[in-house]
Structure formats: structure tokens, C-alpha cells
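For reference, the structure discussed in these notes is given below.
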Amino acid sequence: MAKPHFWLIAIVSRLVPRRLRADWTREWIGELDHRERVISRWPRDGAAIRWHLFRRSLGAFRDALWLQPRRLEEDCVQDVRYGARLLLQHKTWTAVAVLTLALGIGANTALFSVADDVLMKTLPVRNPHELVLLTWTSGPRLMGAGFSPGISIDPVTGASAGRSFSYLAFDRFRRESRALSDVFAFTTLFRDPPTNENPQPPIGQMVSGSYHRALGVPAVLGRTLTDADDADGAPQVAVISDRFWKNRYGRDRAVIGRSIATAGGLFTIVGVTPPGFDGTQDVGDSADVTIAFGAAVPPTGAIPKFVPRMKVQPWVWTLMVMGRLGPGRTRSDAGAELQPILQAAAAEGWRASGRAKSGSTRDAPVLHVETGAKGLTDIRRALSRSVWIMTGVVTLVLLIVCANLVNLLLARAAARQREIATRLALGASRARLVRQFLVEALLLAACAAAAGAVIASWTKDAFLAWLVRVSPAIAIEPRIDVRAALFASIAAVVIGLAVGIVPAFAATRVDVNAIIAGGSRSDRRPRSFISRGLLVGQVAMSVVLLVAAGLFVRTLVNLQSADVGFNMRNLLTFKATPRPDKHPRAQLASLYERILARVQTTPGVVAATSSRYPLLGGDFAMPFIVVPGRIRPDGEDSTVYEQGVWDNFFETMQLTLVRGRVLTARDRADRRLHVVINEALARKYFPGIDPIGRRIAVTKDPGAQSAPEDALMEIVGVARDAKYTTVRQAPPTTIFEPFSPGAATFEVRTAGDPRALADSIRASVRSVDADLLLTGFRTLDEQAELTYARERHFAILSSTFGALALALACIGLYGVMAYNVAHRTREIGIRMALGAERAAIVRFIMRDMLSLVAAGAVLGLIAASALTRTISSMLFGLSTVDGPTIAVSVGLLFAVAALAAYLPARRAAIVNPVAALRADT
Amino acid sequence: MASYLSYSSTVILQAIASGYQYGFDIIDLTGLPSGTVYPALRRMEDGGVVLSRWEKPEVAQSESRPPRKYYVLTKAGETALSDALKRYRLLDGSRRVRIGRPARERA
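So the protein lines, in turn, are chains C and B.
Residue numbers for the first sequence follow this note's numbering, so the first one is 1 and each next one is one higher.
Residue numbers for the second sequence follow this note's numbering, so the first one is 1 and each next one is one higher.
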């Protein structure tokens, strides 16, 4: 008769710890059997009896479960203690293993923190996912002016995109929107120029009164801004950031009520925002001081000059706008609702500017509502690529480390054959032993993770510095937070299991009898296959890293030695910004004349000149060109680079002309009538004809086909192509015009090291005019290097990790080799006894190992050719399949591998054959 | 089990003290499910409150069935039980009922 209750007991008994299983089963069976007998005496249906017994036996499940923790607890504690004791017995081995793994985990954790901060962290505000960011796109004929921050313009179609709005538009959004429960706005960051009384002015931003409230940011001290602060003529108050509070005031709680100088005035501090809140600007940018729109800032402050007048000049777009979605509202609701409001405000503002010409239509802006959970995201997007590449590099190194660890564990396990065989013979289950090995691996990983977390907290700053261009307010706190610690812990567990499982299984698959009987001829075949496979993998990964490093380094070298078209050596450059109150425009030209004259008399100076924009500084004007009589083909990119130059510019920079003449002082007096173009422009717009004497004009309108007579300029010379903006970019079509007064960059050619003369040159300028603001003293080499700072960082990073990977792979190689040799002592002894010479032995051993390396190299090259495609856009002057790089990488690999293989091989060959034959392996 | 006994554990102890020393008998008397009674018994055994014993093999063999396990109170268990009864006054000791002597003593 079927007895389902007994089956159930049999099944559930598998859950019970083995030690207790027999007893437990007997107890349940005893009870059930007795119960069955008792019930059977009564007249009851057989099925009902069985059902009753089955129900009774269901409780066995809970009982068995209750016994689980006891089993695991006891066994695990025992495992951990045993494992810990073993690890402490082999201190150096343990230290090496933990250290290398800690480096791998630490680097990965640091990078994870960085990636988390840069890519994933949302603003630490209330419900960040309700926040939206407003942006717009439009055609080329914009309805606004004075955009701050700047807009981006597609050079071909002229389509524009931006994220700033007029105060009028913002005010209307705020008042009329139903989809957004709150709307707030903020300007770009500004900073007053340093003065003697205030050498380090804080970085500031202007915001609407609703800023802190809409974000849901409380004050940790004092209060945050309110709508009352926004009213015209409200008292000038400011809220400071926690970082600024810590750095400037040492977290002194008496800071409330103190004054701070910013935006050209004095503001009273009324509150401090919490730590971790860095504002809504882009990553890396954070304001120290936040003031409200109502503040009456003088137009001579550092704020872009339209900001204070934005309330009365509705054609000026200087505010970035964000909002919070109302309950149940979506982004498209908000977009549909605000679009007409924006267009009405834009049209009204443009009409108020007085520039609207009847009959000419402008392009209406189209509103876009994006998620604002992360604040502004431009830099985030640009950085994400770099973050991924760095992650890839660091992960590869970690994999190599793990492969090393597996080999180490395999070697250790093989040495414990006797112990394993004994325990198996004594009745331990294989599963038990596997668990033991896993626990040991997890212990290692746990120690490594702890050490790795420490390493990560040190190296996180380094990674960040490499990623984010050095800005005065690196707004990412260098600390390891909970998420990173969690990451390290999970990594440790995963790595511990992954690394431990293969050795655990391989080691416990032993022929007990053979080992106990004597001679420990273990089954090496599976083990050595795994080892060799891992080795091949390690070599392959090292090759990938070496190739990448080679490519980056060569890119860097190419950039550093690139021909820029003019003489870059011994040039000092600095920027001069005139102050509107001290330096009236009409007098600037003569001021610069005097400055240049004085600088040229400074000892050590060969020549001095000036230009509107710095060379190799990435900064320039980009209007559109109009060539009268030439019809612009559709889709042609007609942007040109416009540079203003002083009289002796071409001679000082040693930028040669290929046709015509240079600009002189007379051209400057004439203003804009005579210009010099470069070869690229001549090739594009005057192919095959002499451009000298021809006329061109520049305009802000991409669609213009003609220009008024008084805007035309005559070409008097053609200059050689040179790199003006960055070293990477091919020389763009460029127009050199005579200099017109405004901010300027000075270039000074010196006889010797320009850095040595920086102070005397500065003093010379000051002696002419002490009020001129001078910044950015650097040599042109340094200036150029700023444009490829990222390439340099990558070259350093990849070389470091490539070298590390190579070293690790070779340590692994050495370890496996040494172990192999140790185990083949008998075989070697036989060979030697049979007459093989030392050299032959060495060769035989090395050939084996180098064939592995060769396999790894081939695999690595294949992987490299695929993976380096992702970085091809970062290279300069070479393709991803670069002969010299590959040759050097592979050559280096073989050289180091040969060395790693040679040492144990040599040691094997010195072995005494008689002792070898007698060896117990 | 230095801390106090839970209500269900007290009930179980009382059952044992009343002579219901086999697992299923305790289940019948207390009305608690087997998934409660057995873990409680294990816990109490860990804590030294009860002891488990197997009935004499002769007894089981005479009835041609597998032997059963039974539980007895230890000295500590008796103390714990009386303390607990003071706390759970509803289970007052006067309700101790002896129905019959357990099989082991008959042998």
C-alpha cells in the first residue's frame, strides 16, 4: 500500500544534517508508524488515514529547516578557523595573494565610485526624478541675443540649440504652468576678478527665490533663499555651500550674518546648504555662493553683463530653467503646455529689442523637456566614454589577478593532496571539502576587499583628477561611500567563489587509494589544462593592454611633436582683460601699443605681439563667410575662424606667408578693410585662382549669400596653414583681421626659457598699466598640452596598467613554471640520466612555456584588433593596427616571458639526476 | 534557555510533565502543529530543559514496530516550568492530569 508520508519523510530527510539524519528519520518514522497502528484499530477509510498521516508529516519540513542553521553554523565556523590557520601558516603566500587581489579590487572600486558619481548619481534633493530641465532648439534666425551660456550651432544647417531662456519666459513659466508644480532658474557660474583685498573670490551663481524650495534642499544652518529675496531691492543675502563653509570658515557656526564680497557687492550670509549638495550645474562645477535675482548687482561685477538687466531686456536669454512635475504629470504634458508660452515670450522679447525688422521672420524656438534628475549633463556625457575605457582597463587587470590567484590556489591544493585524501578516507564528503576550499578563497577575497577599499579611497582622487578637467571647484567629494563599499563586498564574494571553485573541484577529485598507498602521483592532467588555459588567457589580456598602451603613448608622442605650422618654442602667452571702467575702448589701442613697446624692451625678450584669441587655446570666433559672386552650394559648411592680430603678429609667430603681404599698423588704423587668409580658405573658396585682391565678408547669418559694400574686406595675403585651435584639429579656414580693441592675448618670444621671464614681463606690463587684469601666464607648449591633457592621462594610465598586467602575467608564468618543473623532477632526472644535456633540458622546458605564450599572444592580438576600434577616435597620427606598436608589445611580452620561464628552467637543469630519480613526485 | 519560556513551549512542557512524552501525543494534547512542536522540542533540548530518550527496543519489538523517542523533563526543566506557570496563570498546575503511565514503565 502506498505510504506517502514515508516518502515525504525520506525526501525531507535529505535536508537534515547528515549527522542527525538517521536519528531524525527514526524518530519520525517511529511516531508515524505507531500512529498508523492506533488509527487503524478504528473503522476509518484508508484514504482518510493516509491523509491524516500525510498532514502530520508535513511538519517534518519545518523541523528539518530548523536544524539547518545549526549545521551550517558549526561547519562554517570550523571551516573559517581552519582556513584562517592555514592562511596564517603561509604568510608570504597569503600576503602576495591578498595584496595583488587588493590592488585589483581597489582599482575597480575606485573606478566604480567615480563612475557612480559621474554617470549615475542623481541630485541629492527631494524626489529627483520629478525634476525636469528645459532646453530648446531653433533655426538660425534666433529671436534672442546675449545667450549665456552659449548656444550650439550646426555648421551646415545653421540649426541652433540651447538651454538658456529669457527672464520673461521664465516668469511666464512660473506663473502660468499647471503641469509643473514649481519652476526655478539659475545662471552660469561667475567669479569676481581677484584683487588685493579679495585674492580668492568665491564662485557664485544667481538663482530664483524658488531654487532651494523647489529642489527640496534644506538649510543645515540658518535658512535658504525664499521668494522674498527675489523681489527687486530686497536686501542682499547669500547662501553658501557646505564645502565653502568648511574651507573658508572652518564650519564656524557664527558664519551667519557675516559679509561676503561677490558679484561686485557685499552680501550677508544667511544660510548653509547640506554637505553633498553641489547645485544643479554640470559635474565638477559647483557654486560656493548663491544669491537671488533680486540682488541689485552693479553691471561692473563679474556676472555676464546682461544678467542684471535681464528683467528689463526680455530679448536676452541668460537663465537655465528647471522645474518639478506636478502630481500625475508627465514631461510631454509640460512640453505641450509651455511651448506656446515660450514662443509668445520669445516673440514679445524680440519685438521689444527694437531689432525686429518688419517683413523678416525669425525662427520660433521649440521647447524640449528633459529629465533633470542629474542636473546639467553635458560634461557627464563627454566623460562617460573615458569612464568606460578606464573601467575596461582596470577590469582586465583584475581578471589577470584572478587568473593568477586561481593558479596559486591550484598549486596550493595540489600540495595538500595527502590531507585531502586522508579526510576523504575518514569519511568527509566531497561537498564538505569543496566548501572548505571555497571558504578559504572567500577569506582571501574578504581580506583583499578590505585592503582594496582602503586603496580605493586613496586612488579615487587620482582617477577623478584624470577624468574631470581641473576646475577650481571639483565638486565630487573624495570619499568612499556605502555604495562603493557594497560594490567591494559583492566583488569579493563573487571573486572568492569564482576563483575558489575550480581549484576546489579539481583538488578534491583525487584517487584516495593511490595517494594513501604511497607516492602522490595525482591526476595532473585536468589541473595542468586549467593552468595552461588560464595562462594563455592572462597573456592575451596583457597583450591587449600593452597594445592599447602603445597606441596611447604613440598618440601622445605624435601630438607632442606635431608640426603646428608656426614656431612654438620659447613663446610665452598671457591673457589681458581690460576693465570697462578703467580702460575706455577708444584708448585700448594705444594702451596695447605702449605695453608691447615696453615688453619688447624687457631683457630677454626678442619680440612681442598680440592676438584676439589665444593660439592653441581652443577659443575663437566662428562666423560664416560670404564670397560675393560665389553661390554657396547647399549643405556647405561656411564657417570660418576669425582671428584678430596685431601688426607684427606673423613675424613674431614666424608664421610664413605664401602669397602677398602681412598686415601692418596701417591696416589696423583702417580697420577691417584688409585681411590675410590661410591656404585652406584659399583652396576652398578660390581654387586655382589668385585670391589676392578678392573680397570677402563675414556674417552671423549662415544663409546669407551677399553682404553690404561696407562690410567687404580685401585679401592682401595668404598665410601657411597652421594649427590655431588644437593640435589635433586640421587647420580650419581662417581669416586674420587687423586687431580691434577688446580683451587680448599677448604672445612674447623670448631668447631663453620663457618661464624665467614671466615675472619680469608681468612687471613690465604693470609698469604701463596696473589695472589691467593679467591671467594665464604659460608657455605655448603648456598651452598646447592643455588641449591634449586627456590623451596624456590615458597614455600614463594605460602604460601603468599595461606594465602592471605584464608583471602580473609573468609572475603567474613563473609560478606555474616553477610548479611544473618541481613536479617533473623525476621526468627530468630520467632524461638527464638518458643523456640529455643541460641546455637541451632548458630548451625543452622553455619551448613548452613559450608555446603557451605564443598562443596567448595570438589570441591577444585578435582581441586587441577588435577592442581598439573603440578607442580609434582618440588616436592621432596612427591607425588601430599599428605595426610598430604591435611589434614592440609582442617583443616586450616575449622578452619578459622568456626571462620568467628561463629561471625555473635553469634551476631544473642544475638538478642532480640521481636525486631527481629518487624524488617522490 | 536562561530566559523565559514561550507560551507554546510552556504548554509543551506541561504536556510532557503530564505524561504525554511522545512527540505525536504532545501534538494531540496541546493542539499545536507538528511544525511548532518539534522545533520547540529541539530548542528545549539544546537548552537543557528536556532530555530525549529512545524507548527500550524490547518494547518496540514486542509490538513489531519501530522504536519511538520520548522526552523527559530535567531538573532545570521542572524549575523553568514552575516559573513559567506562575507567569502564564491560565495554565495553572492544578490542571495536571495523569491519564495513564507511559508504556516504558510497563515493560
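Just so you know, even glycine gets a beta-carbon here, dropped at the ideal spot from N, CA and C.
- Against chain B, a Cβ distance below 7 angstroms from G59 (chain C) picks out P33, S34, G35 and Y38.
- Taking a cut-off of 8 angstroms for Cβ pairs, the segment 615 to 627 of chain C and the segment 714 to 726 of chain C touch, as three or more such pairs fall below it.
- Contact annotation, L101 (chain C) with A448 (chain C): C-beta distance approximately 4 angstroms; criterion of less than 8 angstroms satisfied.
- At a cut-off of 9 angstroms between beta carbons, W66 (chain C) contacts chain B.
- Within the model, the alpha-carbon separation for A743 (chain C) versus L774 (chain C) is close to 10 angstroms.
- In this structure, C:T733 is the residue among C:T733, C:E714 and C:D721 with its C-alpha nearest to the C-alpha of V640 (chain C).
- Any Cβ of chain C closer than 9 angstroms to the Cβ of G77 (chain B) would place that residue at the interface, and such an atom is absent.
- Ranked by how close their Cα comes to the Cα of R838 (chain C), the residues C:F794, C:L780 and C:R906 have C:R906 in first place.
- Distances from the CA of A22 (chain C) to each of B:R87, B:V59, B:E45 and B:K69 were compared; the closest alpha carbon is that of B:K69.
- Unbroken alpha helix (DSSP H) stretches of 4 residues or longer found wholly inside the segment 80 to 163 of chain C: 91 to 115, given in chain order.
- Annotation: E130 (chain C) to W350 (chain C) spans about 32 angstroms, alpha carbon to alpha carbon.
- Taking 9 angstroms as the cut-off, the beta carbon of D242 (chain C) is found closer than this to the beta carbon of P274 (chain C).
- Under a 10 Å Cβ-count criterion, V369 (chain C) is classified as buried, with 16 or more other Cβ atoms of the shown protein chains found around its own Cβ.
- Each of C:N567, C:G815, C:A915 and C:F54 was checked against the Cα of E36 (chain C), and the nearest Cα belongs to C:F54.
- Out of C:V272, C:M846, C:G802 and C:V881, the CA that lies nearest to the CA of N820 (chain C) is found in C:M846.
- For D33 (chain C), the residues of chain B that pass the 8 angstroms Cβ criterion are R65 and P66, in the order they occur in the chain.
- Shown here for F112 (chain C): same chain residues with a beta carbon closer than 7 angstroms to its own, the five before and five after excluded, namely A484 and F487 in chain order.
- Burial check for K700 (chain C): the Cβ neighbour count within 10 Å stays below 16, so the residue is exposed.
- Non-local beta-carbon contacts of G294 (chain C) in its own chain, meaning distances under 8 angstroms to residues more than five positions away in sequence, involve G209, D229, D230, A231, D232, G233 and A234 in chain order.
- Beta-bridge analysis with DSSP links K700 (chain C) to no other residue.
- Approximately 33 angstroms separates the beta-carbon atoms of L875 (chain C) and L657 (chain C); this is outside 8 angstroms, ruling out the contact.
- Non-local beta-carbon contacts of T391 (chain C) in its own chain, meaning distances under 6 angstroms to residues more than five positions away in sequence, involve L111 in chain order.
- In the DSSP assignment, L572 (chain C) falls within the beta strand (DSSP E) that extends over L571 to T577.
- Put simply, the backbone Cα of R695 (chain C) is about 13 angstroms away from that of L681 (chain C).
- According to the DSSP assignment, G802 (chain C) belongs to the alpha helix (DSSP H) that extends over A789 to H823.
- In the structure shown, D75 (chain C) adopts helical secondary structure according to DSSP, grouped into three states.
- Here the C-alpha atom of E440 (chain C) lies approximately 11 angstroms from the C-alpha atom of T94 (chain C).
- Within the model, the alpha-carbon separation for S384 (chain C) versus V544 (chain C) is close to 21 angstroms.
- Per the Cβ contact rule, the segment 812 to 832 of chain C is in contact with the segment 405 to 418 of chain C (3 or more Cβ pairs under 8 angstroms).
- Within the segment 178 to 222 of chain C, the alpha helix (DSSP H) runs of at least 4 residues that lie entirely inside it are, in chain order, 211 to 215.
- Judged by their CB atoms, V434 (chain C) and T508 (chain C) are nearer to each other than the 9 angstroms cut-off.
- In the structure shown, the three-state DSSP call for Q643 (chain C) is strand.
- Among the CB atoms of chain B, one or more fall inside 9 angstroms of the CB of E27 (chain C).
- For the options C:I105, C:R331, C:A809 and C:P741, the alpha carbon positioned closest to that of A589 (chain C) is the one of C:P741.
- Per the coordinates, the alpha-carbon of S152 (chain C) lies some 33 angstroms from the alpha-carbon of K460 (chain C).
- Under the DSSP assignment, F173 (chain C) falls in the alpha helix (DSSP H) whose first and last residues are Y167 to E176.
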